[in-house]
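Accompanying notes for the structure given below.
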Amino acid sequence: MRYMELRKQLVDYGNKMLDEGLTTGTGGNLSIYVRKDKVMLITPSGIPYHKTTPQDITVLTLDGDVIEGDRKPSSEYDMHRIFYQNTHNVNAVVHTHSEYATVFACLQEDILPIHYIIGSIGKRIRCCPYETFGTPELAEVVFDTIGEDKGLLLGNHGTIAVGKDLCDAFSIAKDIEFMAKLYYRTKAIGTPVVLTDTQLDDVIEKFGTYGQSRTYGQEN
């Protein structure tokens with residue numbers, strides 16, 4: 011069985027996604043793109059994360075042909091592969107139903123830049139219009155809306171985060187939920203103070219050089 015280490019990564023991060031409150035039940039999904047082989051590995055549909063094994067991970071071509079795996083792949087396959095088909099630097103996608111972020115997704119309301127951590131994602135966390143889950147239409151509106159950002163709210167649905175690897179994408183997913191919590195709580199108290207474009211430009215530039223080997227997300 012090929013790609014065992016990547017299979018294990020998907021299982022481990024699926025468990026982390028559940029344990030860290032980024033989803034519930036079997037909600038959400040994760041994938042990795044092996045660019046040199048032009049194949050993607052994705053979590054299965056409808057299997058609880060704590061019961062998912064490396065053997066349950068499906069390996070597919072970007073045309074949808076199953077290379078390895080007996081399980082049905084995630085229904086959101088299209089929403090993952092559209093990034094792999096149309097970008098040169100996205101090698102992992104994490105889709106969550108994290109609680110606070112999904113509140114704003116259900117409002118179809120952008121999360122404004124009230125904390126510098128948003129610079130890991132973009133200058134705001136935008137929300138795309140609603141489309142039925144698991145459809146090409148959802149994949150298209152997600153890709154069209156996200157632009158150069160690394161995360162997005164899915165209208166009346168959840169979130170998506172993309173990255174150069176699974177650690178990167180997962181960190182973005184956590185930052186989206188962190189920002190959503192802050193935005194929810196500050197709006198409950200008063201009027202949040204929004205950072206300026208100039209302040210955000212400075213943050214994004216510093217994020218490019220922060221740490222030993224920068225991956226986006228909250229600093230350690």
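Under the numbering used here, the first residue of the sequence shown is numbered 11, with each subsequent residue one higher.
Positions of the beta carbon are idealized from the N, C-alpha and C atoms, including for glycine.
Quantities reported herein were computed from a predicted structural model and do not represent experimental measurements.
Those residues which DSSP pairs with residue i across a bridge
i           : result
residue 164 : 138, 168
residue 68  : 52
residue 79  : BP columns for residue 79 are empty, so no partner.
residue 213 : Residue 213 pairs with nothing; no bridge assigned.
residue 128 : Partner(s): none; residue 128 has no beta bridge.
residue 231 : Because the chain is modelled from 11 through 230, residue 231 falls outside the range shown and cannot be assessed.
residue 121 : 135
Nearest-angstrom Cα separation, counted from residue j out to residue i
i           : j           : result
residue 47  : residue 89  : 20 Å
residue 123 : residue 195 : 14 Å
residue 28  : residue 167 : 17 Å
residue 95  : residue 72  : 7 Å
residue 133 : residue 20  : 29 Å
residue 225 : residue 179 : Residue placement at residue 225 cannot be trusted, given a pLDDT of 37 that sits under 50; what the coordinates show is reported in the next sentence. Whole-angstrom Cα-Cα distance: 9 Å.
residue 44  : residue 202 : 41 Å
residue 246 : residue 63  : Residue 246 is absent from the model: the chain starts at 11 and stops at 230.
residue 230 : residue 53  : Caution is warranted here: a pLDDT of 35 is assigned to residue 230, below 50, making its placement in the model unreliable, and the coordinate value is therefore given only provisionally. Going from the Cα of residue 230 to the Cα of residue 53 covers about 28 Å.
residue 228 : residue 185 : Note that residue 228 has pLDDT 37, beneath the 50 cutoff, so the model's placement of it is unreliable and the number below is only indicative. Rounded to the nearest angstrom, the two C-alpha atoms are 7 Å apart.
residue 75  : residue 41  : 15 Å
residue 197 : residue 207 : 21 Å
residue 221 : residue 16  : Low confidence applies to residue 221: its pLDDT is 46, below 50, so where it sits in the model is not reliable enough to give any reading.
residue 151 : residue 78  : 29 Å
residue 109 : residue 32  : 7 Å
residue 174 : residue 182 : 11 Å
residue 144 : residue 192 : 30 Å
residue 67  : residue 30  : 21 Å
residue 25  : residue 214 : 30 Å
residue 11  : residue 69  : 10 Å
residue 115 : residue 99  : 26 Å
residue 81  : residue 200 : 48 Å
residue 84  : residue 59  : 12 Å
CA nearest to the CA of residue i, picked from the options
i           : options            : result
residue 97  : 181, 172, 164, 73  : 172
residue 126 : 164, 216, 120      : 216
residue 50  : 141, 103, 185, 211 : 103
residue 38  : 169, 175, 177, 181 : 169
residue 128 : 211, 177, 174, 56  : 211
residue 130 : 23, 189, 66        : 189
residue 55  : 36, 70, 61         : 36
residue 165 : 25, 140, 107, 65   : 140
residue 136 : 146, 117, 145      : 117
residue 107 : 121, 23, 163       : 163
Start and end residues, alpha helix (DSSP H) containing residue i
i           : result
residue 181 : 176 to 199
residue 40  : Run containing residue 40: none in the alpha helix (DSSP H); it sits in the beta strand (DSSP E), 39 to 44.
residue 21  : 14 to 29
residue 95  : 87 to 96
residue 113 : 109 to 117
residue 205 : Taken as a continuous stretch (DSSP letters only), residue 205 belongs to no alpha helix (DSSP H), as it is neither H nor E.
residue 146 : 146 to 156
For residue j and residue i, believed in contact at Cβ under 8 Å, the rounded distance
i           : j           : result
residue 86  : residue 105 : 6 Å
residue 155 : residue 148 : Contact flag wrong, Cβ pair sits at about 11 Å.
residue 187 : residue 111 : 5 Å
residue 153 : residue 57  : Residue 153 to residue 57, Cβ: 26 Å. No contact.
Any non-hydrogen atom of the ligand FAD closer than 8 Å to residue i Cβ
i          : result
residue 60 : No copy of the ligand FAD appears in this structure; indeed no ligand is present at all.
Interface flag, residue i vs chain D, CB-CB below 9 Å
i           : result
residue 104 : Within the model displayed, chain D is absent; a lone protein chain is all it includes.
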